[in-house]
Amino acid sequence: DAGVIQSPRHEVTEMGQEVTLRCKPISGHNSLFWYRQTMMRGLELLIYFNNNVPIDDSGMPEDRFSAKMPNASFSTLKIQPSEPRDSAVYFCASSTSTGWDYGYTFGSGTRLTVV
Amino acid sequence: AQTVTQSQPEMSVQEAETVTLSCTYDTSESDYYLFWYKQPPSRQMILVIRQEAYKQQNATENRFSVNFQKAAKSFSLKISDSQLGDAAMYFCAYSRSGGSNYKLTFGKGTLLTVNP
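These protein sequence lines map, in sequence, to chains A and B. Using the numbering used here, you'd call the opening residue of the first sequence number 22 and step up by one each time. Using the numbering used here, you'd call the opening residue of the second sequence number 1361 and step up by one each time.
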């Protein structure tokens, strides 16, 4: 199994630009989570999907952030327009809805730098 | 809301020695799950060990074991015979049981240094 695949691994963009982060969950996992990690705030859940449907997006910081899961094998997190305070590592994780209690499988993360 | 607190921002241990990382949590639930994740410099999040709240027995995975004190809402991680490869950030995490809201709530982490 290839694990959870995130792309790109690193992204540097200028303030005001649109940024799209991508995630491919493990095949057969029907729950997908987007987390953001910063030194100040630690790991924060942004949004999670179950069977491609957003269940809880209360962690999405503001309207500049949006996430989609058009099918079971792909999700995107978009920031438009980006700001320097969005600089962070963004993780995607997946699990089965019956196996979540065994923890998630995380991707390697995307380090986003907004200059 | 559930919260997870790791009161030790940094810890260090000598190679081959034992170290214990602390974690406390706050919840009104009676059934839940607790986890320790390791994040090495590669930044990959790796599940180290998990504990089911309804089980009295402390979980063990090779050199890693936990001390789960449900009444005190404490969940510490003990690493025995520390190795250089154990150097990483360690995160304690909580997840409630049941329903559809099974998100993980993480503590701020403890940075473990292993000295040769």
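Beta carbons are placed, not taken as given, at the ideal position from N, Cα and C, and that holds for glycine. Predicted, not measured: the structure shown is a model, and the values here were computed from it.
Next item on the list: Could you tell me if the beta carbon of B/Phe1466 falls within a distance shorter than 7 Å of some heavy atom in the ligand GTP?
Entry: With respect to the ligand GTP, the structure shown offers nothing to examine, as it has no ligands at all.
Margin query: Quick check on the burial criterion: 16 or more other C-beta atoms within 10 angstroms. Buried or exposed for B/Glu1375?
Written below: Numbered from 1 along the second sequence, position 15 holds the residue referred to as residue 1375 of chain B. With a threshold of 16 other beta carbon atoms within 10 Å, B/Glu1375 falls short and is exposed.
Item checked: 8 Å Cβ cutoff, A/Tyr125 in contact with chain B -> Here the question's residue 125 of chain A lines up with position 104 in the first sequence. Yes, because at least one Cβ of chain B sits closer than 8 Å to the Cβ of A/Tyr125.
Notebook entry, point to check: Quick one: what does DSSP say A/Gly63 is sitting in, helix, strand or coil?
Noted result: Counted from its first residue, the first sequence places residue 63 of chain A at position 42. Correct three-state label for A/Gly63: strand.
Margin query: Pairs of beta-carbons, one from the stretch 1428–1445 of chain B and one from the stretch 108–118 of chain A, closer than 8 Å: are there three or more?
Written below: Taking 8 Å as the limit for Cβ pairs, the verdict is that the stretch 108–118 of chain A does not touch the stretch 1428–1445 of chain B.
Margin query: Once DSSP output is grouped into helix, strand and coil, what is the label at A/Asp77?
Written below: Position 56 of the first sequence, counted from the first residue, corresponds to residue 77 of chain A. Three-state result, A/Asp77: strand.
Next item on the list: Provide the residue(s) that pair with A/Ile68 in DSSP beta bridges, ordered along the chain.
Entry: Translated into positions along the first sequence, residue 68 of chain A becomes position 47. Its beta-bridge partners are A/Trp55.
Next item on the list: Please confirm if B/Met1371 has its CB atom under 8 Å from at least one CB of chain A.
Entry: Start at 1 with the first residue of the second sequence, and residue 1371 of chain B comes out as number 11. The beta carbon of B/Met1371 does not come within 8 Å of any beta carbon belonging to chain A, so the residue lies off that interface.
Note to self: Whole angstroms are fine: how far does the CA of B/Gly1467 sit from the CA of B/Cys1452?
What the structure shows: Locating residue 1452 of chain B in the second sequence gives position 92, counting from the first residue. Locating residue 1467 of chain B in the second sequence gives position 107, counting from the first residue. When only Cα atoms are considered, B/Cys1452 and B/Gly1467 end up about 5 Å apart.
Check: Between the stretch 68–84 of chain A and chain B, which residues of the former have a C-beta closer than 8 Å to a C-beta of the latter?
Finding: Here the close residues are Tyr69, Asn71, Ile76 and Asp77.
Next item on the list: Determine, using beta-carbon pairs with one atom in the stretch 67–87 of chain A and one in the stretch 1375–1384 of chain B, whether at least three such pairs fall under 8 Å.
Entry: In short, these stretches do not touch, since the Cβ pair count stays below three.
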